[in-house]
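Colleague: The structure's right below; bear with me while I get my questions together.
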Amino acid sequence: MISKAFFVRGDFQDCDTKGKERVVILLTVLCLLLGFLYAVIGYADFTVRHLSSTTLAFTNDLCAAYTSGSLVKTTWSGRAPFPTYMIALSTIIRSILFTMFGGVGMATLPLSLIFAFKNRPKCVTTRAQYVKVMALQEATDLAKRSNELKTATLGLQREERGGKKGRKFRKNVKKVQQADTSWALTVRNLALSIIWLLHIIVFMLVNPPAFPFLNQVFIQLDSAWGLLGTTTFAIFCYYLVMSVISGEMHLGMRLLLLSIHPMK
């Protein structure tokens, strides 16, 4: 047993050493890449208006710039501080990932609940229907979920007749109502996805924006009651975050230097 323990420990040490080497190599490559990009594109460009005029005698009510005949737009460039450059670069990368995962999640979040409701345990009356359902779904999972639902329903009936409504009763109620809750969440998520999509189209993709839409809705709700607009805004933001998580779980991706795998 002791020799085996030393063998396992040695194997882990070897893996740990290789992992540290990979981390050092990855950090070195990232530092070199960031330094190169900062040296090449680490500038901030500002569009300014250039005014030029001849020199005139200055009085209390006259400035030479007011009589200038040329108005030229030019660009002024300056070296950006390294922290500002890092923030801007990370913002660009996060915006791309946010757009990808959020777009996928807005579709998968309601669809996953729709499929969960569609594949819920159903009452099987004939042998032909039973064979058809078992051919389309996993037999073990369906039978287990159906038995659990049947047992919970019978337990509810017994406890309701006996007047006992403890923790077990509430747990069984939750199991029985889970399918209906899934359908209600599906309708809610689908509505939120459609509203977000409409807002992106009419306010962000159209230039100039055609209509403020959600911005105006939040303002009106906030004027109706102090916390109503804030609460609604928080719900929409929370749904957007959940959409990004759902998109990452279903999509996953492989970048140039690292991989982002679907979560489990």
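So for the sequence shown, this note's numbering puts the first residue at -11; every next one is plus one. For each residue, glycine too, the CB sits at the ideal point set by N, CA and C.
1. According to DSSP, is residue 194 part of a helix, a strand, or is it coil?
2. Between residue 264 and residue 238, is the Cβ-Cβ spacing less than 7 Å?
3. Secondary structure at residue 255, three-state DSSP: helix, strand or coil?
4. Per DSSP, which one or two residues make a beta bridge with residue 32?
5. Please determine if the segment 83 to 100 and the segment 221 to 231 are in contact, where contact requires at least 3 C-beta pairs separated by less than 8 Å.
6. Which residues mark the beginning and the end of the alpha helix (DSSP H) in which residue 221 is found?
7. Quick check: the Cα distance between residue 214 and residue 232, rounded to an integer number of angstroms?
8. Hey, how far is the Cα of residue 7 from the Cα of residue 17?
9. When you compare the segment 131 to 144 with the segment 187 to 199, are there three or more beta-carbon pairs, one atom per stretch, that lie closer than 8 Å?
10. Counting along the chain, where does the alpha helix (DSSP H) carrying residue 206 start and finish?
11. Leaving out the 5 sequence neighbours to the left and right, which residues in its chain are closer than 6 Å to residue 66 when beta-carbon positions are compared?
12. Report the rounded CA-to-CA distance for residue 191 versus residue 13, giving the unit in angstroms.
13. By how many angstroms is the C-alpha of residue 223 removed from the C-alpha of residue 207?
14. Can you tell me whether residue 195 is buried or exposed, with buried defined as 16 or more other CB within 10 angstroms of its CB?
15. State yes or no: is the C-beta of residue 23 within less than 7 Å of the C-beta of residue 73?
16. For residue 64 and residue 235, I'd like the C-alpha separation in whole angstroms.
17. Taking only the alpha-carbon atoms, compute the straight-line gap between residue 76 and residue 11 and give it to the nearest angstrom.
18. Where does residue 24 sit, in a helix, a strand or coil, going by DSSP?
Modeller: Short version:
1. coil
2. Absent from the model: residue 264. The displayed extent of the chain is -11 to 252, so no value can be given.
3. With the chain covering -11 to 252 only, the question about residue 255 has no answer from this structure.
4. 66
5. yes
6. 216 to 238
7. 29 Å
8. 15 Å
9. no
10. 202 to 212
11. 32
12. 44 Å
13. 15 Å
14. exposed
15. no
16. 40 Å
17. 24 Å
18. helix
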